[in-house]
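With this note's numbering as the guide, the letters of the sequence shown map in order to residues 1 to 100.
All residues carry an ideal CB built from backbone N, CA and C; glycine is no exception.
A quick note: this is a predicted structure, and the numbers were derived from the prediction, not measured.
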Amino acid sequence: PLKDGMIEGRVFSFCPNLTTVALVGGIHKTIASLHLESWRHEMKDEINRINQTLPTIPDQKTDTIQQWIRSVIRQFDHYKAEHIRLLKEATTLLELALWK
Numbered sequence: 001p002l003k004d005g006m007i008e009g010r011v012f013s014f015c016p017n018l019t020t021v022a023l024v025g026g027i028h029k030t031i032a033s034l035h036l037e038s039w040r041h042e043m044k045d046e047i048n049r050i051n052q053t054l055p056t057i058p059d060q061k062t063d064t065i066q067q068w069i070r071s072v073i074r075q076f077d078h079y080k081a082e083h084i085r086l087l088k089e090a091t092t093l094l095e096l097a098l099w100k
């Protein structure tokens with residue numbers, strides 16, 4: 001899973017040809033399960049952003065990747081919290097409708 005701190009030190013300091021990061025595992029399935037299409041689209045854009053950025057910077061790739069990971073996690077956590085909020089709101093509306 002994608003997590004903060006998974007890349008330590010300056011592991012990519014001597015990798016000037018590093019231009020892409022490919023995420024593997026369940027992250028794409030998790031993104032596909034997001035409630036709103038706009039959330040899915042924004043998350044895909046954020047995930048792909050690193051592959052637009054890396055070719056443009058000669059160094060500091062480790063820092064850039066670490067910041068990107070934090071940004072992806074922060075954005076996903078935001079959408080997850082919004083998803084929970086929407087579910088609670090829908091549950092409340094359903095309970096009110098059934099109570100009438």
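Which word fits residue i, buried or exposed, when buried means at least 16 other C-beta atoms lie within 10 angstroms of its C-beta?
i	result
V24	exposed
Just checking my contact of residue i with residue j at CB under 8 Å: how many whole Å lie between their CB atoms?
i	j	result
L54	L18	6 Å
S71	E46	6 Å
I73	D4	6 Å
Just to confirm, are residue i and residue j a CB contact at a threshold of 9 Å?
i	j	result
T62	I27	no
When the Cα atoms are used, what is the spatial distance from residue i to residue j?
i	j	result
Q66	T92	39 Å
P107	L96	Outside the modelled stretch of the chain, which goes from 1 to 100, sits residue 107, for which no answer is possible.
R85	W68	26 Å
S13	T64	11 Å
T20	Y79	25 Å
W39	H83	10 Å
| field | Validate contact between the region 26-34 and the region 50-66 using beta carbons, cut 8 Å, 3 pairs | value | The answer is no - the region 50-66 does not touch the region 26-34, with fewer than three Cβ pairs under 8 Å.
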